[in-house]
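Taken in order, these protein sequences are the chains called A and B.
In terms of the working numbering, the first sequence has 182 at position 181, counting the first letter as 1, and numbering is strictly consecutive.
In terms of the working numbering, the second sequence has 10 at position 8, counting the first letter as 1, and numbering is strictly consecutive.
In this text, a Cβ means the ideal position worked out from N, Cα and C, and glycines have one as well.
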Amino acid sequence: MFEARLVQGALLKKILEAIKDLLTEASWDCAQGGIQLQAMDNSHVSLVSLTLRSDGFDKYRCDRNLTMGMNLASMTKIMKCCGNDEIITMKAQDEPDTVTFMFESKNGDKISEYEMKLMNLDQDHLGIPETDYACVIKMPSGEFARICRDLSQFGESMVIACSKNGIKFSTSGDIGTGNVKLAQTSSVDKEEEAVIIEMQEPVTLTFACKYLNNFAKATPLSPVVSLSLSPDVPLVVEYKIEDIGYVRYYLAPKIED
Amino acid sequence: SKGQTRISSFFGRN
């Protein structure tokens with residue numbers, strides 16, 4: 002039997018918001034250590050990797066490893082029935098055909114239960130190699146979302162150039178060009194407001210704006226986002242999820258034909 | 003011009 006209780010149910014709602022526009026369906030792999038999800042978008046340009054550790058849940062039990070294939074549009078309908086201050090419990094039997102979502106109000110006066118049919122998804126998992134990235138940037142997630150939104154008005158692609166002086170996001174299109182430069186923060190009161198660059202060597206890479214905008218839907222999960230870049234390999238955009246885990250997005254670069 | 007690559011060309015299947 003599988004059971005996972007999260008007092009901060011709003012976290013699961015935010016997680017779903019962060020992946021539902023990129024993925025139509027995904028397998029939730031549940032084991033003693035926690036829940037993992039890995040899936041590519043339909044175009045196979047990006048990959049979502051979500052980890053929720055069992056010790057981050059308020060109660061967690063997983064007697065046997067199980068994989069729950071879910072249609073994320075259906076899961077979104079169910080999550081809309083959950084109040085932001087409600088407690089979520091996910092439950093399933095071993096070898097399940099369905100998963101149950103139980104939503105409890107904080108005072109326990111109201112309990113809602115929704116049972117969703119599972120799908121058999123024949124999804125391959127990709128092996129993600131350990132990589133020492135040439136540049137790792139930590140910056141406020143709201144600032145990253147804003148830059149992606151602003152620059153995607155001008156063109157389909159965004160160039161991210163990172164050097165020791167700072168990071169430059171730029172784009173060009175029919176109406177003209179735009180760029181945003183961020184300098185590394187010299188002193189800051191709050192670490193989550195800082196721009197921090199760890200650089201081994203400068204990197205310049207080009208990415209499709211529409212995916213970056215999709216990744217930015219994870220902004221409510223964390224005040225900080227980290228971008229990891231190396232020449233000619235996928236970008237990693239990571240949002241930590243409080244004490245429970247992270248969502249990482251991998252995006253294949255655009256490369257000269 | 004630059005072409006979009008696929009994520010599976012960077013990460014092998016398990």
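Would you verify that the beta carbon of residue i is, or is not, closer than 7 angstroms to some beta carbon of chain B?
i	result
Met117 of chain A	no
Ile112 of chain A	no
Gly230 of chain A	Gly is not the amino acid found at residue 230 of chain A; the sequence shown has Leu there. Chain B, which has no Cβ nearer than 7 angstroms to the Cβ of Leu230 of chain A, makes this no.
Asp125 of chain A	yes
Asp258 of chain A	yes
Ile129 of chain A	yes
Lys255 of chain A	yes
Leu48 of chain A	yes
Val137 of chain A	no
His134 of chain A	One point to set straight first is that residue 134 of chain A is Tyr, not His, in the sequence displayed. No - not a single Cβ of chain B is within 7 angstroms of the one on Tyr134 of chain A.
Assuming residue i is part of the beta strand (DSSP E), what are its boundary residues?
i	result
Ala5 of chain A	3-7
Ile89 of chain A	88-93
Gly179 of chain A	177-184
Glu239 of chain A	236-242
Under 8 angstroms by Cβ, that's how I've got residue i and residue j pegged, so tell me the actual separation to the nearest angstrom.
i	j	result
Arg249 of chain A	Val234 of chain A	About 14 angstroms separates the two Cβ atoms, so there is no contact after all.
Met200 of chain A	Ala135 of chain A	7 angstroms
Ala32 of chain A	Asn72 of chain A	That pair is no contact at about 22 angstroms.
Asp59 of chain A	Arg6 of chain A	5 angstroms
Ile88 of chain A	Ile242 of chain A	Ile88 of chain A to Ile242 of chain A, Cβ: 17 angstroms. No contact.
Ala209 of chain A	Ser158 of chain A	6 angstroms
Just reading off the alpha helix (DSSP H) that residue i is part of, what are its end residues?
i	result
Lys78 of chain A	73-80
Ile198 of chain A	Run containing Ile198 of chain A: none in the alpha helix (DSSP H); it sits in the beta strand (DSSP E), 197-200.
Ile16 of chain A	11-20
Glu105 of chain A	Glu105 of chain A -> not in any alpha helix (DSSP H); beta strand (DSSP E) instead, spanning 99-105.
Does the ligand NAP have even one heavy atom less than 6 angstroms from the beta-carbon of residue i?
i	result
Cys63 of chain A	As presented, the structure is devoid of all ligands, the ligand NAP included, so that no description of it is given.
Pairing CB atoms from the region 43-59 of chain A with CB atoms from the region 92-100 of chain A, are three or more of them under 8 angstroms? no
Within 8 angstroms, do at least three Cβ pairs link the region 76-84 of chain A to the region 96-107 of chain A? yes
Determine which residues of the region 24-46 of chain A have a Cβ less than 7 angstroms from any Cβ of chain B, and write them out in chain order. Within the region 24-46 of chain A, those residues whose Cβ lies closer than 7 angstroms to any Cβ of chain B are, in chain order, Met41, His45, Val46.
Determine contact between the region 214-221 of chain A and the region 139-157 of chain A, defined as no fewer than three beta-carbon pairs at a distance below 8 angstroms. yes
Which residues, in order along the region 191-215 of chain A, keep a beta-carbon less than 8 angstroms from a beta-carbon of chain B? Thr207, Ala209
Sufficient close CB pairs (3 or more, under 8 angstroms) joining the region 224-234 of chain A to the region 122-129 of chain A: no
With a threshold of 8 angstroms, are at least 3 pairs of Cβ atoms found where one atom belongs to the region 107-122 of chain A and the other to the region 173-185 of chain A? no
Please identify, using Cβ separations under 8 angstroms, the residues of the region 157-176 of chain A that lie next to chain B, in order along the chain. Ser158
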